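Numbering (our numbering), first residue to last: -15 to 485. Glycine included, C-beta positions come from ideal geometry on N, C-alpha and C. All values reported here derive from a predicted model rather than from experimental measurement. One structure is given here, and the rest of the page talks about it.
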Ligand code: GLN
């Protein structure tokens, strides 16, 4: 379960540049990207009870107060929110039939915003001393000018946690390299901890090495012992094989990710598309390739032209909203179509592929999505009927077409072959859709409707004929790719990439 300190009710209203990717669950909950990591590591689908924000806590309390739910009592800032948080934790445990729950408090110890979550944790430990333990993730910098690992900031944050009434049972020492015995001892003495509880968490080449590193230090046994639970047999051999395959892949493929949420100040933020990146890696490893991904901000294509895409083995256009830098994306899609470079368009990436095809193949020069040009003569992509009123009324939080929806594939398409079946379900997050008036002319010109909703009304996938791989999907397959089970569409895309090399 992830607790985010924001007052937002969910992550759906947050700009990805601000907060990273919005991850969508089967039930439509729009949450922090960490939930994506949880699903990938656990190989398990989660639900809305696994995501909590301060906004949800406050809204529940205020709604209850307005309904006289506190029966005349004062609603106290430092009492009622922690109680609400604890009841949410209990609800999550029940809903998931969980034996153990990992409750991740977002943010940093010492910041004002997450105090209520820490207080809830302190109270939980008081209530259930044998069942609750605290793991503190801290950072040990190695300043390049000194070259020595510094433990002082870690000591300070552990002590800062004391000030909230929480004594860490385990400290995960994040750093560039493994923490040595000397620093372990220093921290143990300064903070009154058992050195066996200080766990090394160095940077790793592949994120899926992380649990293997913890297992080398017997972390799960140590945790279970503290919780008075008998350690169980565990078998990480399949996981090890998966990690190893990714690490030793003999070939490299160059993938261009063309998007709009990459720049943040002077830095590049790939977090906005975290699941896409992970899905490409999962599928690459299964094809024994290493994916070398390059983030290309579409404003750069607008300035320098699409020729900078020469030499890439595959092009991905992920999801997005709004008009900024969209022409750069459309130029990139045209480049992939004409130069027969494998292309994979995700949601916005499918919609803009339709716009590009309409303009440059079907001859509708001013074609566009009405999200960007509401007055276009050729609204290839337009707002879904069910969304019109919501957009007009500005009822915009948690109201998109969200979560899992069934699709029906068109027999004989690459799409259908890839899944190996004609029906399935995928996770969505969008307000706009392909305009059905253009289905016929698209099919005539060589762009096939590869999948629709079960009732046939909504286009779920477009696929270009006579191209090594050119598929756009209205959903987000990356939300269901897992390292042990890469998504079939990503696998097919990476296969096409490997072939094109
Ligand atoms: N902006 C588009 C829509 O709302 C695409 C959304 C997306 O890429 N997730 O339909």
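Residue(s) in a DSSP beta bridge with residue i
| i | result |
| --- | --- |
| residue 296 | Bridge partners of residue 296: none, in fact. |
| residue 252 | 247 |
| residue 274 | 236 |
| residue -10 | In the DSSP output, where bridge partners are listed per residue, residue -10 has none listed. |
| residue 223 | The partner list for residue 223 (beta bridge, DSSP) is empty, contrary to what the question assumes. |
| residue 418 | 365 |
| residue 435 | 393 and 445 |
| residue 88 | -14 |
| residue 16 | 6 |
| residue 280 | 242 |
| residue 454 | 327 |
| residue 469 | 466 |
| residue 411 | 388 |
| residue 35 | -14 |
Cβ-based burial, residue i [other Cβ within 10 Å; buried from 16]
| i | result |
| --- | --- |
| residue 492 | Residue 492 cannot be examined here, being either before or after the span of the chain that is shown, -15 to 485. |
| residue 464 | buried |
| residue 308 | exposed |
| residue 371 | buried |
| residue 185 | buried |
| residue 101 | buried |
| residue 391 | buried |
| residue 225 | exposed |
| residue 321 | buried |
| residue 120 | buried |
| residue 112 | exposed |
| residue 355 | buried |
| residue 160 | exposed |
| residue 335 | buried |
| residue 81 | exposed |
| residue 137 | exposed |
| residue 221 | exposed |
| residue 96 | exposed |
| residue 203 | buried |
| residue 171 | buried |
| residue 126 | exposed |
| residue 414 | buried |
| residue 492 | This structure cannot speak to residue 492, because the chain is shown only from -15 to 485. |
| residue 323 | exposed |
| residue 436 | buried |
| residue 298 | buried |
| residue 244 | buried |
| residue 230 | buried |
| residue 246 | buried |
| residue 434 | buried |
| residue 447 | buried |
CB contact check: residue i to chain C, cutoff 8 Å
| i | result |
| --- | --- |
| residue 78 | Absence of chain C from the displayed structure is noted, only one protein chain being present. |
(message) Check whether the stretch 371 to 378 and the stretch 425 to 434 are in contact - that is, three or more C-beta pairs closer than 8 Å.
(response) As far as the Cβ criterion goes, the stretch 371 to 378 does not touch the stretch 425 to 434, which means the pair count is below three.
(message) Count Cβ pairs between the stretch 36 to 52 and the stretch -13 to -6 that sit closer than 8 Å; are there 3 or more?
(response) At 8 Å Cβ cutoff, the stretches touch.
(request) Check whether the stretch 470 to 478 touches the stretch 252 to 272, counting contact only when three or more Cβ pairs, one atom from each stretch, lie closer than 8 Å. (result) Counting Cβ pairs under 8 Å, three or more are found: they touch.
(request) Please list the segments of the beta strand (DSSP E) lying wholly inside the stretch 113 to 200, counting only runs of 3 or more residues, in order along the chain. (result) Inside the stretch 113 to 200, DSSP marks whole beta strand (DSSP E) runs of 3 or more residues at positions 119 to 123, 154 to 159 and 182 to 186, from first to last along the chain.
(message) Which residues end up in the neighbourhood of ligand 1 when you take C-beta atoms closer than 5 Å to any of its heavy atoms?
(response) My final list is 303, 305, 331, 332, 413, 414, 415 and 416.
(request) Could you tell me whether the stretch 0 to 18 touches the stretch 247 to 260, using the rule of 3 or more Cβ pairs below 8 Å? (result) Because the criterion of three Cβ pairs below 8 Å is met, the stretch 0 to 18 and the stretch 247 to 260 touch.
(message) What ranges does the alpha helix (DSSP H) occupy inside the stretch 361 to 385, keeping only unbroken runs of at least 4 residues that lie completely in it?
(response) Within the stretch 361 to 385, the complete alpha helix (DSSP H) segments of 4 residues or longer fall at 372 to 376, listed in chain order.
(request) Say whether the stretch 13 to 22 touches the stretch 393 to 404, bearing in mind that this needs 3 or more beta-carbon pairs closer than 8 Å, one atom from each stretch. (result) Proximity of the stretch 13 to 22 to the stretch 393 to 404 falls short of the contact definition, fewer than three beta-carbon pairs being nearer than 8 Å.
(request) State whether the stretch 267 to 281 contacts the stretch 235 to 245, with contact taken as three or more CB pairs (one from each stretch) at a distance under 8 Å. (result) Contact holds: three or more Cβ-Cβ distances are below 8 Å.
(request) Say whether the stretch 127 to 147 touches the stretch 82 to 95, bearing in mind that this needs 3 or more beta-carbon pairs closer than 8 Å, one atom from each stretch. (result) The stretch 127 to 147, when compared against the stretch 82 to 95, does touch it at the 8 Å Cβ threshold.
(request) At 3 residues or longer, and completely inside the stretch 37 to 63: list those beta strand (DSSP E) runs for me, N to C. (result) If you keep only unbroken beta strand (DSSP E) runs of at least 3 residues inside the stretch 37 to 63, you get nothing at all.
(message) At 3 residues or longer, what runs of the beta strand (DSSP E) sit wholly inside the stretch 295 to 354?
(response) Correct list: 298 to 301 and 327 to 330.
(message) Assess contact between the stretch 403 to 412 and the stretch 298 to 315, defined as three or more Cβ pairs (one per stretch) separated by less than 8 Å. Is contact present?
(response) The stretch 403 to 412, when compared against the stretch 298 to 315, does not touch it at the 8 Å Cβ threshold.
(request) Evaluate contact between the stretch 150 to 160 and the stretch 195 to 210, counting only Cβ atoms and requiring at least three cross-stretch pairs below 8 Å. (result) Look at the beta carbons and you see the stretch 150 to 160 touching the stretch 195 to 210: at least three pairs across the two are nearer than 8 Å.
(message) When you compare the stretch 447 to 461 with the stretch 328 to 346, are there three or more beta-carbon pairs, one atom per stretch, that lie closer than 8 Å?
(response) The answer is yes - the stretch 328 to 346 touches the stretch 447 to 461, with three or more Cβ pairs under 8 Å.
(request) Mind the definition here: the stretch 276 to 286 touches the stretch 335 to 347 only if three or more C-beta pairs lie below 8 Å; say whether that holds. (result) Because the criterion of three Cβ pairs below 8 Å is not met, the stretch 276 to 286 and the stretch 335 to 347 do not touch.
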